[in-house]
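Those protein sequences? They're chains A and B, same order as listed.
Using this note's numbering, read the first sequence as starting at -9 and increasing by one per residue.
Using this note's numbering, read the second sequence as starting at 113 and increasing by one per residue.
Yeah, the Cβ is synthetic: ideal placement off N, Cα and C, and Gly gets one too.
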Amino acid sequence: MTPLLEIRDLRIRLGDRALVDGVDISVNPGEIVGLAGESGSGKTLTALTALGFTPPGSAASGEVLFEGRNTLTLPKSQLRALRGDRVAMIFQDPMTSLHPMLTIERQLTEHQLAHRSLTRRQAREHAIELLERVRIPDPHRAIRSYPHRFSGGMRQRIAIASALACEPDLVVADEVTTALDVTVQAGILRLLDELCRDTGMAMLFITHDLAVMNVLTERLYVMREGRVVETGATREVLAAPTHEYTRALIEALPQTDTETA
Amino acid sequence: MLMFVLRRLGASLLLVLGTTIVAFLLTSVLPGDALTARLGERAAANAELVAKLRAELGLDRPIWEQFFIYLGGLVRGDLGLSLQSNRPVTEDLAQFGPASAELALMATVIALVVGGGLGIVAALRNNTWIDNVLRAFSLGGVSVPLFWFALVATSIFSTTLRWFPSSGRLDAGVAAPPHVTGFFTIDALLAGDLPLFGQAFEHLILPALVLSAPMVGLLMRFTRASVLDVVGQEYVRAAEAKGLAPRTVVFGHVLRGALVPVITIVGTAFASLLAGTVLVEQIFAWPGIGSYAYRSATTLDLSAIVGVTIFVALVYIVVNFVTDVLYGAIDPRIRRA
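Next up, the structure:
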């Protein structure tokens, strides 16, 4: 099987600092892959290159092949055609990733209208379906209101609905449960799992929380200081970590969580 | 939204009342005798004459009674007689107010387009040479004294290039358009007189340009800072991640988020322009409220002074009200508060 996303020997330098230092990652169609590591390990930077984002002033080398096209060298217009359509992103904090002054409708339809030849009405109807799908109560009403009317968990559901709008092949989820309450986290994880299974989309799931990895992902990469230090099937890596850093991460988990893992 | 507007309106009305009290009291307790100013030194020595005039003007009554008489007049649109023009103050204000408002409004439009536009450019080109040049330019706008700028602008655009006239609202001897709004440009258009509109516009440009200079600088800095702040927000990154066109991201997402602080500045700056046109109106012989206020102050024309004060305060209050409502229209989170 050709991978949907294949990152080969990715290096990102800012000045003389190597932020990402020779990373290889692949995600197959329909697969949920985890990218773990502490903050500053370069995991978010690596994942953002799937959408063609690199930090301003940095130099990136290597290849980031999404459906065979290198996002590092793709012209901006083609990159825009990919973003939001074939590859979507869910951000860490739903309090800041939704525009506070735009209606939910606008935020769920604008990329549909940019990428698809839909009427406003069709896009709106699809948006209502999406809200139903992520279990927002009373979607007809919800679509007319603004983000501040919703709780953090609900906002993250709306952000997920937005990512799903154009039925992407890949979703990059960056620490999407970190800013949420533990009880809300579980619901979001179940929802993501279910959505991936139903739609067949692949997901690159970034988190520092290995317990979450175990629930959701099939395969796992562990990053540290810009390098991948361990990779393999999530279950195996967590059961028998070979790298001491992975072992340290597992030991850092609360005891009850490692037992269920 | 309606409740929000009504609440703001109620607060504005209270403010009007408050300002009137303060303006009235200040002029009543200020040193300087309006009677002397009116009667002249010799007549003021005649006790009988003074008493007569005091009774005529109601100055013999207690201060609170005077205030209620004044307030009663105010509600009916009567601000008293101006000593210098011998006309009702309201008539003077109706004549001079729109002249200044037209000037201030034009200056605001210039500042908004130039300052706002350059501020956006500076923010989007953050830390490039363009940004640096623009920042130096805005510093110049804020720090160069207005009278100097007026002299230079007049000498270049009026005396040397002869592009724009440098005094009055119309050429000498030209009749004003029929009074509708008091804005000569708009009244000329309403009368269908295009050449007159052109002339009024030409006369407006130079003083408006000079008046707008500090505001251009101020607005550029605020817009730049506000846009920079918003560009760093995650929702802008989210908009980019949706694959939206850069134009949509800038105008639909960034500017929308950056607008509230900018509107605050525009509102305050507009009101302070209107109150602070004295200098520019003197230089360009613009018959506006600034010149009127100056004359009233120097002749101790109390009714006119209070009238101008209330007028300016009203402008501030109206502008504040409009800004508040605009906030609510732009930011749904403010509507609830």
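Residue i classed as buried or exposed, judged by whether at least 16 other C-beta atoms fall within 10 angstroms
i: glutamate 352(B); result: buried
i: glycine 253(B); result: buried
i: glutamate 226(A); result: exposed
i: arginine 119(B); result: exposed
i: glutamine 97(A); result: buried
i: isoleucine 148(A); result: buried
i: lysine 66(A); result: exposed
i: asparagine 238(B); result: exposed
i: asparagine 244(B); result: exposed
i: alanine 78(A); result: buried
i: asparagine 198(B); result: exposed
i: threonine 63(A); result: exposed
i: glutamate 119(A); result: exposed
i: methionine 191(A); result: buried
i: alanine 223(B); result: buried
Spatial neighbours of residue i in its chain, beta-carbon cut-off 7 Å, leaving aside the 5 residues before and after
i: glycine 27(A); result: Lys33, His198, Val212, Met213 and Arg214
i: alanine 105(B); result: Coverage of chain B is limited to positions 113 through 449, which leaves residue 105(B) absent and any answer about it impossible.
Residue i versus residue j: straight-line alpha-carbon distance, rounded
i: phenylalanine 309(B); j: asparagine 60(A); result: 59 Å
i: leucine 210(A); j: valine 23(A); result: 6 Å
i: glutamate 234(A); j: isoleucine 240(A); result: 10 Å
i: leucine 385(B); j: leucine 323(B); result: 7 Å
i: threonine 139(B); j: aspartate 413(B); result: 10 Å
i: isoleucine 377(B); j: leucine -6(A); result: 50 Å
i: alanine 251(A); j: alanine 176(A); result: Confidence at alanine 251(A) is low in this model, with a pLDDT of 41, below 50, so the placement of that residue is unreliable and no value is reported for it.
i: glutamate 249(A); j: alanine 230(A); result: The predicted model places glutamate 249(A) with a pLDDT of 46, which falls under 50 and marks its position as unreliable, so this point remains unresolved.
i: valine 390(B); j: arginine 7(A); result: 58 Å
i: leucine 170(A); j: glutamine 146(A); result: 9 Å
i: alanine 155(A); j: glutamate 115(A); result: 11 Å
i: aspartate 247(A); j: methionine 203(A); result: Confidence is the limiting factor: at aspartate 247(A) the pLDDT is only 49, short of 50, which leaves the residue's position unreliable, though a coordinate-based value still follows. Distance between the alpha carbons of aspartate 247(A) and methionine 203(A): 11 Å.
i: histidine 315(B); j: glycine 379(B); result: 25 Å
i: aspartate 188(A); j: valine 374(B); result: 46 Å
i: histidine 101(A); j: tryptophan 275(B); result: 48 Å
i: leucine 25(A); j: alanine 381(B); result: 51 Å
i: aspartate 159(A); j: valine 17(A); result: 11 Å
i: glycine 184(B); j: threonine 131(B); result: 15 Å
i: proline 277(B); j: alanine 383(B); result: 26 Å
i: proline 127(A); j: methionine 85(A); result: 19 Å
8 Å Cβ shell around residue i - same chain, five flanking residues per side excluded
i: arginine 458(B); result: For chain B, the structure presents residues 113 to 449; residue 458(B) sits outside this window and is missing.
i: proline 200(B); result: Asp190, Leu191, Gly192, Leu193 and Ser194
i: glutamine 196(B); result: Arg407, Ser408, Thr411, Asp413 and Ala416
i: valine 348(B); result: Val342, Val361, His365, Val366 and Gly369
Collapsed DSSP secondary structure at residue i in the structure displayed
i: phenylalanine 56(A); result: strand
i: glycine 143(A); result: helix
i: tyrosine 136(A); result: coil
i: threonine 221(A); result: strand
i: glycine 228(B); result: helix
i: glycine 310(B); result: helix
i: arginine 199(B); result: coil
i: arginine 349(B); result: helix
i: glutamate 184(A); result: helix
i: alanine 235(B); result: helix
i: alanine 37(A); result: helix
i: aspartate 341(B); result: helix
i: glycine 216(A); result: coil
i: isoleucine 126(A); result: coil
i: alanine 229(A); result: helix
i: alanine 251(A); result: Because alanine 251(A) sits at a pLDDT of 41, beneath the cut-off of 50, its placement in the model cannot be relied upon, and the point is left open.
i: phenylalanine 195(A); result: strand
i: leucine 367(B); result: helix
i: arginine 70(A); result: helix
Sequence-distant residues of the same chain with beta carbon closer than 6 Å to residue i, five excluded per side
i: serine 31(A); result: Met213 and Arg214
i: alanine 135(B); result: Val418, Thr421 and Ile422
i: leucine 356(B); result: none
i: threonine 221(A); result: Tyr211
Please list the residues of the region 347 to 360 of chain B that have a C-beta atom closer than 8 Å to any C-beta atom in chain A, keeping them in chain order. Going along the region 347 to 360 of chain B in chain order, one finds Tyr347, Arg349, Ala350, Ala351, Glu352, Ala353, Lys354, Gly355, Leu356, Ala357 and Thr360 with a Cβ nearer than 8 Å to chain A.
Please name the residues in the region 367 to 378 of chain B whose beta-carbon is closer than 9 Å to at least one beta-carbon of chain D, in chain order. Given the protein chain composition of this structure (A and B), no chain D is represented.
What are the residues of the region 33 to 49 of chain A that lie near chain B, defined by any Cβ-Cβ distance shorter than 7 Å? Within the region 33 to 49 of chain A, the residues whose Cβ lies closer than 7 Å to some Cβ of chain B are Leu41, listed in chain order.
Positions along the region 90 to 106 of chain A whose CB lies within less than 9 Å of some CB in chain B: Interface annotation for the region 90 to 106 of chain A against chain B: Pro90, Met91, Leu92, Thr93, Arg96, Gln97, Glu100, His101, Ala104 and His105, criterion Cβ-Cβ distance under 9 Å.
For the region 137 to 168 of chain A, enumerate the residues whose C-beta is nearer than 7 Å to any C-beta of chain B, in chain order. Cβ contacts with chain B: His138.
Along the region 221 to 247 of chain A, what residues have a CB closer than 8 Å to any CB found in chain B? Within the region 221 to 247 of chain A, no residue has a Cβ that lies closer than 8 Å to any Cβ of chain B.
Short of 7 Å Cβ to Cβ, which residues in the region 425 to 445 of chain B face chain A? When CB distances to chain A are screened at a threshold of 7 Å, the residues of the region 425 to 445 of chain B falling below it are Ile442, Asp443, Pro444 and Arg445, in chain order.
Using a Cβ-Cβ cut-off of less than 8 Å, list which residues of the region 291 to 322 of chain B approach chain A; keep chain order. Of all residues in the region 291 to 322 of chain B, none comes within less than 8 Å of chain A when Cβ atoms are compared.
Taking beta-carbon pairs under 8 Å, can you tell me which members of the region 193 to 204 of chain B lie near chain A? So nothing in the stretch comes that close.
Name the residues in the region 394 to 411 of chain B whose C-beta lies less than 7 Å from a C-beta of chain A; which are they? Residues passing the 7 Å Cβ filter: none.
With 8 Å as the C-beta to C-beta threshold (strictly closer), list the residues of the region 323 to 348 of chain B near chain A in chain order. For the region 323 to 348 of chain B, which is checked against every Cβ of chain A, the residues closer than 8 Å are Gln345, Glu346 and Tyr347.
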